[in-house]
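Colleague: Sharing a structure with you now.
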Amino acid sequence: MDVVCLSAEDCRLLSARFAEHHNSHRRMAGALEEAGATEALMRLGALRRLEAHFEIDLGSLCHRFGRRDHPKTHPLERMVLGYVAAWTPRPDGTGELWVRLDRVRQVRELIDEGERVGEPGA
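Take the sequence shown: its position 74, counted from the start at 1, is 81 in our numbering, and no numbers get skipped.
What follows is the structure in structure tokens.
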């Protein structure tokens, strides 16, 4: 089982990329570079490499996980988010988002299978 652990700051950075920069690494990197936020820029690059390695969109996941308790979030979306990720408290009072990659892959396969069922000739 593969698990990606993201700090609260990682989640904020990835969620901001999704919400403020249309999930574009290039746009967010440009904004961070322009602001002189080199540490955040380096961290964003490391997170992007992690996404590429595991073929997962952490920006979307962090953004959706952060708003999972919003009243307008569909209960099914809430369930799926709880299935693929969990906020895990740490002894120092902070926490980490644990993303279970095997479960993300399972959900992706179910979505892909559902899309194929609706295609003509399937």
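A virtual CB, placed ideally from N, CA and C, is assigned to each residue, including glycine. Keep in mind that this is a model prediction, so the values were computed, not measured.
Are the segment 76 to 89 and the segment 23 to 40 touching by the rule of at least three beta carbon pairs closer than 8 Å?
Modeller: No contact exists between the segment 76 to 89 and the segment 23 to 40.
Colleague: Measuring only the C-alpha atoms, how far is LEU88 from LEU68?
Modeller: Translated into the one-based positions of the sequence shown, residue 88 becomes position 81. Translated into the one-based positions of the sequence shown, residue 68 becomes position 61. The alpha-carbon atoms of LEU88 and LEU68 are separated by roughly 8 Å.
Colleague: Would the segment 42 to 60 and the segment 96 to 112 be scored as touching if the rule is three or more Cβ pairs under 8 Å?
Modeller: No: the two stretches stay apart, fewer than three of their Cβ pairs being nearer than 8 Å.
Colleague: Using the Cα positions of LEU117 and PRO96, report the straight-line distance between them to the nearest angstrom.
Modeller: Residue 117 sits at position 110 when you count from the first residue of the sequence shown. Residue 96 sits at position 89 when you count from the first residue of the sequence shown. So the two alpha carbons sit approximately 30 Å from each other.
Colleague: State the DSSP-derived secondary structure class of GLY100, mapped to helix, strand or coil.
Modeller: Here residue 100 refers to the residue found at position 93 of the sequence shown. In the structure shown, GLY100 sits in coil (DSSP, three-state: anything other than H, G, I, E or B).
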